[in-house]
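Colleague: There's a structure below that I have some questions on.
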Amino acid sequence: MSTIIKLPKDIINQIAAGEVVERPASIIKELVENSIDANATGIEINLTSDEEGIDLEVIDDGKGMTEEELKLAFESHTTSKIGSIKDLENIHTLGFRGEALASIASVSKVEISTKTKDSATGYKLNIDGGKFSNIVKVTGNNGTSIKIKDIFYNVPARKKFLKSYRTEVSHIYQILTQIALANPSIGFRITNNGKEVYNLYKNESLETRIKAISNINTEELITVHNESNIKISGFIVHPKQMTDRRKDQFVFVNKRPIQDRTVSKAIYEGYRGYIMQGKHPSFFIFIEIKPGEVDVNVHPRKSEVRFLNNNEVFTSVKNSITTSLAKYMQEKQVENLNIDNRSYKFREPSSNQNHRYGSFQKSISNQQVITFQKAPVSFNPRIKDKIDLDVTETIDNIFQIFNTYIVIEKSDEIMFIDQHAAAERITFEAIKSKRKNEIVSYLISQSIELKPEEKIVIIDNAEVLDNLGFQVEDSGGNSLLIKTVPEDIKNSNLEKLFSEIANEFMVQNRDIKKVKDINEHIIATLSCHTSIRAGMKLDMFRINKLIEDLMKCDNPYSCPHGRPIIWNLSKYELEKNFKRK
Numbered sequence: 000m001s002t003i004i005k006l007p008k009d010i011i012n013q014i015a016a017g018e019v020v021e022r023p024a025s026i027i028k029e030l031v032e033n034s035i036d037a038n039a040t041g042i043e044i045n046l047t048s049d050e051e052g053i054d055l056e057v058i059d060d061g062k063g064m065t066e067e068e069l070k071l072a073f074e075s076h077t078t079s080k081i082g083s084i085k086d087l088e089n090i091h092t093l094g095f096r097g098e099a100l101a102s103i104a105s106v107s108k109v110e111i112s113t114k115t116k117d118s119a120t121g122y123k124l125n126i127d128g129g130k131f132s133n134i135v136k137v138t139g140n141n142g143t144s145i146k147i148k149d150i151f152y153n154v155p156a157r158k159k160f161l162k163s164y165r166t167e168v169s170h171i172y173q174i175l176t177q178i179a180l181a182n183p184s185i186g187f188r189i190t191n192n193g194k195e196v197y198n199l200y201k202n203e204s205l206e207t208r209i210k211a212i213s214n215i216n217t218e219e220l221i222t223v224h225n226e227s228n229i230k231i232s233g234f235i236v237h238p239k240q241m242t243d244r245r246k247d248q249f250v251f252v253n254k255r256p257i258q259d260r261t262v263s264k265a266i267y268e269g270y271r272g273y274i275m276q277g278k279h280p281s282f283f284i285f286i287e288i289k290p291g292e293v294d295v296n297v298h299p300r301k302s303e304v305r306f307l308n309n310n311e312v313f314t315s316v317k318n319s320i321t322t323s324l325a326k327y328m329q330e331k332q333v334e335n336l337n338i339d340n341r342s343y344k345f346r347e348p349s350s351n352q353n354h355r356y357g358s359f360q361k362s363i364s365n366q367q368v369i370t371f372q373k374a375p376v377s378f379n380p381r382i383k384d385k386i387d388l389d390v391t392e393t394i395d396n397i398f399q400i401f402n403t404y405i406v407i408e409k410s411d412e413i414m415f416i417d418q419h420a421a422a423e424r425i426t427f428e429a430i431k432s433k434r435k436n437e438i439v440s441y442l443i444s445q446s447i448e449l450k451p452e453e454k455i456v457i458i459d460n461a462e463v464l465d466n467l468g469f470q471v472e473d474s475g476g477n478s479l480l481i482k483t484v485p486e487d488i489k490n491s492n493l494e495k496l497f498s499e500i501a502n503e504f505m506v507q508n509r510d511i512k513k514v515k516d517i518n519e520h521i522i523a524t525l526s527c528h529t530s531i532r533a534g535m536k537l538d539m540f541r542i543n544k545l546i547e548d549l550m551k552c553d554n555p556y557s558c559p560h561g562r563p564i565i566w567n568l569s570k571y572e573l574e575k576n577f578k579r580k
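Under numbering that gives the first Met the number 0, the letters of the sequence shown match residues 0 to 580, in that order.
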């Protein structure tokens, strides 16, 4: 049996680094949070990335360190944030554990320069895998500059688990997005390989900061504000801006970005009555709570917290969302009503009972029968009741309502068809059935702007997109040149489409079991961008064509995202509701 020994300091730090330093993004998080705790008003983050790895540089205008503080900063369990057990109950800073710098220095090569405003000179220190050089005097600006190179160079077992450099840079952007949103008063400049990615100005409003780093239409953001024992503030999106994916969902507790099921569930509960099944809202929620009522010392990465009173937090968040939504909707309703400017006049029914369907009646004069060829259908297991799709019989009436639904009146029932869901299904099956050499690409040559992490994932998956009829090219900065798109979706909003495609790639790559099916998920996203949308008025030719194409689908019952396409209302059910049966 092995003898028990006390581990050397370098091994202790490398073990600690396993919890604190998961990837380059973890290092960026720790360094930038240190800059914020040092009261920096401007922070510059420079990345150098290629197949060999990622080097990092963080420069701030914070208060800097003295020579004595610099000597201690990279020792284990040294911190300026707390000094007693009582301080753990009243944490106002982002860092406090005194582990991060020592952990980072143990698995990389570090160069740090720092200067306080009261010092005539600054000081520089180099650390190589935990081995310190002598501190030397240097000139420079007030604040701190730290460079991190050769991450995990001395821990090859850790380095091999890193993803491609583009993926790792994408994780860095995601972390910086969270931090930038939490601190709109601080300016951030971010570059990658010398190219500017973001330049966010100091003292911005939260709304301006959201607009700068997301694709959300900020004009329709709904303000959330609730003052109580727990202060809730921020923004949520209008229900009509919800998406099929969880994106742009941010929660901060005392300016610390967190992931918490209680808060997320409370937000969704607050949307109850406004949220459609399968849809997800974006939100930017800030919770201010007494430090003693939240434990941030749950995990070294500090992304999880524990609330003293979960129920109170849940109720405060839920009520804030519900109240804000109700207030916004009420204000919009009053704004749009304008009752005083309207006059109402009842009209006698027209003697022409079929006036609504006149144009269609001409096309089926003399009781012409519309016939659709339909192959046997494999029923979607989600659909419990068989839906009668036999429309080969004489149709009494067919028309559109709310510019969204097609209504077909048959002898003993009414069939409702969601026009956008139907178009999605048709496009989905059309693209899916085509091989690469059968896909018709449309030359477009259009430049779009994406989030940095979105652009990276699109470039990384260019081959997958090429198989679907897309050709994309990096045009510098956050721009992407779209050279071709599939003919079926040539009229789409490409910026929105590619943002959704990027998000789909990110979601699917989290689960290795789904990677093989990623084409299908991307095609489902493409199909959502068909030319026929909800709210679009269709003429009879397009209605007829839509129904005919739908009847040819293998699964005409649900869209690729699982929403129903067809709903039948029988004459019996209708009469039963009117107490005729």
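Here a beta-carbon is modelled for each residue, glycine too, at the ideal position from N, C-alpha and C.
1. What number of angstroms, rounded off, separates the C-alpha of Ser75 from the C-alpha of Ala39?
2. Secondary structure at Gly52, three-state DSSP: helix, strand or coil?
3. Can you check which of these residues, Met505, Ser478 and Lys544, is closest to Tyr170 by C-alpha distance?
4. For Lys513 and Ile266, what's the separation of their Cα atoms in angstroms?
5. Can you tell me whether DSSP reads Gly269 as helix, strand or coil?
6. For Arg541, does the three-state DSSP call read helix, strand or coil?
7. Assuming Tyr556 contacts Ile564 (C-beta within less than 8 Å), just tell me the rounded distance between them.
8. Just checking my contact of Ser315 with Asn216 at CB under 8 Å: how many whole Å lie between their CB atoms?
9. Put Lys194 into one of helix, strand or coil per three-state DSSP.
10. Report the partner residues of Phe187 according to the DSSP bridge assignment.
11. Which of the three DSSP states is assigned to Arg532 in this structure?
12. Helix, strand or coil for Glu292? Go by DSSP, reduced to three states.
13. Should Ile229 be labelled buried (16 or more other beta-carbon atoms within 10 Å of its own) or exposed?
14. If contact is defined by three or more beta carbon pairs under 8 Å, each pair taking one atom from either stretch, is the segment 405–421 in contact with the segment 446–454?
15. Which residue wins for smallest C-alpha separation from Lys201, given the options Lys194, Ser213 and Ile185?
16. Would you call Asp395 buried or exposed, if buried means 16 or more other Cβ atoms sit within 10 Å of its Cβ?
17. For Ile126, which beta-bridge partners are listed by DSSP?
18. In the DSSP assignment, the beta strand (DSSP E) including Pro485 goes from what residue to what residue?
19. Helix, strand or coil for Gln585 per DSSP?
20. Smallest Cα separation from Glu428: which of Val57, His560 and Thr120?
21. Considering only the beta carbon of each residue, do Lys194 and Gly468 sit closer than 8 Å?
22. With 16 other CB atoms within 10 Å as the buried threshold, where does Met64 fall?
23. Considering Cα atoms alone, identify which of Ser440, Ser204, Asp243 and Thr261 is closest to Phe234.
24. What are the partner residues of Met414, as DSSP defines its beta bridges?
25. Between the C-alpha atoms of Ile455 and Arg424, what's the straight-line distance to the nearest angstrom?
26. Would Leu493 pass as a contact of Ile430 if the rule is Cβ separation under 8 Å?
27. Can you tell me whether Arg305 is buried or exposed, with buried defined as 16 or more other CB within 10 angstroms of its CB?
28. Apart from the five residues just before and just after Gly61, which ones in its own chain have a Cβ nearer than 7 Å to its Cβ?
29. Check whether the Cβ atoms of Ile145 and Val20 sit closer than 8 Å, and answer yes or no.
30. My output table needs one value for Phe577: the three-state DSSP class, helix, strand or coil.
Modeller: With the structure as the only source:
1. Rounded to whole angstroms, Ser75 and Ala39 show a C-alpha spacing of 24 Å.
2. Gly52 falls in the strand class under three-state DSSP.
3. According to the sequence displayed, residue 170 carries His and not Tyr. That would be Met505, whose Cα lies nearest to the Cα of His170.
4. Bear in mind that the predicted position of Lys513 carries a pLDDT of just 45, short of 50, making it too unreliable to give a figure here.
5. Gly269 falls in the helix class under three-state DSSP.
6. If DSSP states are grouped into helix, strand and coil, Arg541 belongs with the helices.
7. The C-beta distance from Tyr556 to Ile564 rounds to 6 Å, short enough to fall under 8 Å.
8. Contact doesn't hold; Cβ gap of about 27 Å is too wide.
9. In the three-state reduction of the DSSP assignment, Lys194 falls in the strand class, which pools E and B.
10. Answer is Ile42 and Leu199, bridged to Phe187.
11. In this structure, Arg532 counts as coil in the three-state DSSP scheme.
12. Glu292: helix per DSSP, three-state reduction.
13. Buried, by the Cβ-count rule.
14. Here the segment 446–454 makes no contact with the segment 405–421; the two share fewer than three CB pairs at distances below 8 Å.
15. Of Lys194, Ser213 and Ile185, the residue nearest in Cα terms is Ile185.
16. Asp395 is exposed by the Cβ-count criterion.
17. Answer is Val109 and Phe131, bridged to Ile126.
18. Residues Ser478 to Pro485.
19. The structure shown does not extend to residue 585, since the chain is modelled only from 0 to 580, so the question has no answer here.
20. The shortest Cα separation from Glu428 among Val57, His560 and Thr120 belongs to His560.
21. Not a contact, by the Cβ cut-off of 8 Å.
22. Note on Met64: 16 or more other CB atoms within 10 angstroms of its CB, so buried under the neighbour-count rule.
23. Per the Cα distances, Ser204.
24. Under the DSSP definition of a beta bridge, Met414 partners with Ile407 and Asn567.
25. Rounded to the nearest whole angstrom, the C-alpha separation of Ile455 and Arg424 is 29 Å.
26. The criterion of a C-beta distance shorter than 8 Å is not satisfied by Leu493 and Ile430.
27. Exposed.
28. The residues are Ser34, Ala37, Asn38, Ala39, Gly142 and Thr143.
29. Cβ atoms of Ile145 and Val20: not closer than 8 Å.
30. DSSP places Phe577 outside both helix and strand once states are collapsed to three, so it counts as coil.
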